[in-house]
Amino acid sequence: MTVTGPETALFEQQRRRLFGLAYRMLGSAAEAEDVVQDAFLRWHGADRQRIEALPAWLAKVVTNLCLNRLTSARARRESYVGPWLPEPVLTGEGALGPLETVEQRDSVSMGVLILLERLTPPERAVFVLREAFGYQHREIAELLDIDEAHSRQLHLRARRHVADTRARFTAGNDEQRRIVERFLAATLEGDVAGLEKLLAEDVVSWADGGGTVTAARRPIVGRDRVLRYLLGMGGRPEIAVVRTEIAEVNGHPAVLFELGGALMAVLALEVGQDRVTAVRLVVSPAKLAFVAAQRA
Numbered sequence: 001m002t003v004t005g006p007e008t009a010l011f012e013q014q015r016r017r018l019f020g021l022a023y024r025m026l027g028s029a030a031e032a033e034d035v036v037q038d039a040f041l042r043w044h045g046a047d048r049q050r051i052e053a054l055p056a057w058l059a060k061v062v063t064n065l066c067l068n069r070l071t072s073a074r075a076r077r078e079s080y081v082g083p084w085l086p087e088p089v090l091t092g093e094g095a096l097g098p099l100e101t102v103e104q105r106d107s108v109s110m111g112v113l114i115l116l117e118r119l120t121p122p123e124r125a126v127f128v129l130r131e132a133f134g135y136q137h138r139e140i141a142e143l144l145d146i147d148e149a150h151s152r153q154l155h156l157r158a159r160r161h162v163a164d165t166r167a168r169f170t171a172g173n174d175e176q177r178r179i180v181e182r183f184l185a186a187t188l189e190g191d192v193a194g195l196e197k198l199l200a201e202d203v204v205s206w207a208d209g210g211g212t213v214t215a216a217r218r219p220i221v222g223r224d225r226v227l228r229y230l231l232g233m234g235g236r237p238e239i240a241v242v243r244t245e246i247a248e249v250n251g252h253p254a255v256l257f258e259l260g261g262a263l264m265a266v267l268a269l270e271v272g273q274d275r276v277t278a279v280r281l282v283v284s285p286a287k288l289a290f291v292a293a294q295r296a
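Residue numbers for the sequence shown follow UniProt numbering, so the first one is 1 and each next one is one higher.
This is the structure in structure tokens:
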């Protein structure tokens, strides 16, 4: 369905913000696009005279659509084959909105999106609206049809859950990029000593193949095990012809792997105290489709 006209132009001004909101809520670029399209159809069929403020009205529609999806998404992820990771998104061109502060970048990082999976849907909604978009609790209460005190309680609980296990990036993006470059070179060159210096003792590696591509189905824990895993991956014959590129993914430097012109993997690192604390590898074709489309 193609709709044009003044209402479309008004909606397009909000599209990127709405996509950023839906993505943070769902951790899925494909689902976020569906939600934004559903919101447009509702806007197209709405009584415009009853809409006092379009941004707030659309934010409420998108938030509620995401809350409806989160319940079924949680059930699907419980039966997911292997570790579940968010869909990566290239953010260098502002696909998820401004990422000018540490807090904004953290709000779309792989690590934080995974932590948000532990929250209830209402907690996640309040956390995203408050932390990533700066909504006041009075505004959040109106969006979620709750009272302001309840919004504050949900936000407090969400922040406690996230803060308990959140590992903040301590280095700036330039330093993170240097660490990613060193990590990639050491992995491809089989540099044991180099990797040992980069990996934290309690580093954990996750791989998301979605049950369609061969990948480790359980987290790999500890420096020695992750080291052997990385050396095995770097020693595969196909690595010799793989093209690599460092790009901004989910607000931080990551590695893209391309083989024969097709995107094969996205590798995101979490860095704390100048050491790699987490390795997240997305190889599921379904999870790579959005980044591949962004690069086309």
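Just so you know, even glycine gets a beta-carbon here, dropped at the ideal spot from N, CA and C.
Closest residue to residue i among the options (Cα-Cα distance)
i	options	result
H267	P86, F11, D47	For clarity, residue 267 is Leu in the given sequence; the question names His instead. Cα-wise, what sits closest to L267 is P86.
E245	V112, L90, R157, R42	L90
G97	A293, Q294, A296, G251	G251
T214	E181, F19, A265, F183	A265
R105	V241, E238, A132	A132
D38	N68, A53, G27, I51	N68
P55	E12, G190, A73, L288	E12
G211	L227, R236, K287	K287
P122	E78, G111, T63	T63
H161	R138, L195, L188, T120	T120
V241	I114, G94, L259, L154	L259
L26	A53, T101, T71, R157	T71
Q294	R74, R159, R243, L263	L263
V255	G82, L227, I179	I179
L195	D208, G209, R177, D224	D224
L231	D191, Q136, V291, P285	D191
R228	L199, E238, P237, A247	L199
R48	E100, V81, L10	L10
R159	H150, V108, F127, E117	F127
E238	R280, L188, A125, Y23	L188
Start-to-end residues for the beta strand (DSSP E) that takes in residue i
i	result
R280	275 to 282
T146	The sequence given here places Ile at residue 146; Thr does not occur at that position. Looking at the DSSP string, I146 is not in any beta strand (DSSP E), and its letter there is neither H nor E.
V213	Premise fails: V213 is in no beta strand (DSSP E) and is neither H nor E.
P253	252 to 259
Span of the alpha helix (DSSP H) around residue i
i	result
V180	173 to 189
W43	29 to 44
L269	Here L269 belongs to no alpha helix (DSSP H); instead the beta strand (DSSP E) covers 262 to 272.
A247	Looking at the DSSP string, A247 is not in any alpha helix (DSSP H); the run it does join, the beta strand (DSSP E), is 243 to 249.
A193	192 to 198
Per DSSP, the bridge partner or partners of residue i
i	result
residue 298	Outside the shown range of the chain (1 to 296) lies residue 298, about which nothing can therefore be said.
S107	For S107, which the question treats as bridged, DSSP gives no partner whatsoever.
S151	Per DSSP, none; premise fails for S151.
I220	S205
T91	Partner(s): none; T91 has no beta bridge.
Coarse secondary structure for residue i, derived from DSSP in three states
i	result
P122	helix
P285	helix
R69	helix
T2	A caution first: T2 carries a pLDDT of 48, below 50, which makes its placement in the model unreliable, though a value can still be read off. Coil.
A158	helix
F19	helix
R74	helix
G97	coil
V81	coil
G134	coil
E117	coil
E139	helix
G232	helix
A53	coil
P86	coil
T8	helix
Cβ-heavy atom distance, residue i to the ligand PLP, below 8 angstroms
i	result
W57	What this structure holds is no ligand at all, so the ligand PLP is not there to describe.
Problem set entry | Touching by the beta-carbon criterion (3+ pairs, under 8 angstroms), the stretch 191 to 209 and the stretch 217 to 229 | Contact holds: three or more Cβ-Cβ distances are below 8 angstroms.
Problem set entry | At least three beta-carbon pairs within less than 8 angstroms, the stretch 249 to 263 to the stretch 170 to 182 | Yes: the two stretches touch, three or more of their Cβ pairs being nearer than 8 angstroms.
Exercise. Looking at C-beta atoms only, is the number of pairs between the stretch 128 to 146 and the stretch 271 to 286 that lie closer than 8 angstroms three or more?
Worked result: Touching, no.
Exercise. Just checking, does the stretch 35 to 49 make contact with the stretch 8 to 25 on the three C-beta pairs under 8 angstroms criterion?
Worked result: Result yes; three or more Cβ-Cβ pairs closer than 8 angstroms.
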